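Notes for the one structure printed next.
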Amino acid sequence: EERVTGKIEWSQTEKRYPYSSELLNHNIFVEVKTQITTLGELFRQLNTYKEYLQGDFLVVCPDDSERETIENQGFRFIKYEK
Numbered sequence: 001e002e003r004v005t006g007k008i009e010w011s012q013t014e015k016r017y018p019y020s021s022e023l024l025n026h027n028i029f030v031e032v033k034t035q036i037t038t039l040g041e042l043f044r045q046l047n048t049y050k051e052y053l054q055g056d057f058l059v060v061c062p063d064d065s066e067r068e069t070i071e072n073q074g075f076r077f078i079k080y081e082k
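Using the numbering used here, you'd call the opening residue of the sequence shown number 1 and step up by one each time.
This is the structure we're talking about:
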């Protein structure tokens, strides 16, 4: 069994603008895959999330062969090394 481990750092900031007393929040949802079996399955999953959640969706995977297709569908992509 292969395990992928690493240090994850998280920080959250709030930004206020002088013309607004309202906080501006932005959500980023991360989908981590060890492999992408089919793009259809991935896109169905992410599009289901998009129906109920507002924000950007980030796919993290060691295989970046479909990066361009994923980004062309409006999702973000980061390759991680095993």
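A virtual CB, placed ideally from N, CA and C, is assigned to each residue, including glycine. It should be emphasised that the depicted structure is a prediction, and the values quoted were computed from it without experimental measurement.
Can you tell me whether L42 is buried or exposed, with buried defined as 16 or more other CB within 10 angstroms of its CB? Start at 1 with the first residue of the sequence shown, and residue 42 comes out as number 42. Buried is the call here.
Assign K79 to one of three DSSP states: helix, strand, or coil. In the sequence shown, residue 79 corresponds to position 79, counting from 1. Under the three-state reduction of DSSP, K79 is assigned to strand.
Burial state of V32 (16 or more Cβ within 10 Å): In the sequence shown, counting from the first residue as 1, residue 32 sits at position 32. So V32 ends up on the exposed side.
When DSSP labels each residue in this structure, what does L42 get in the three-state scheme? Mapped onto the sequence shown, residue 42 falls at position 42. Here L42 sits in helix by DSSP.
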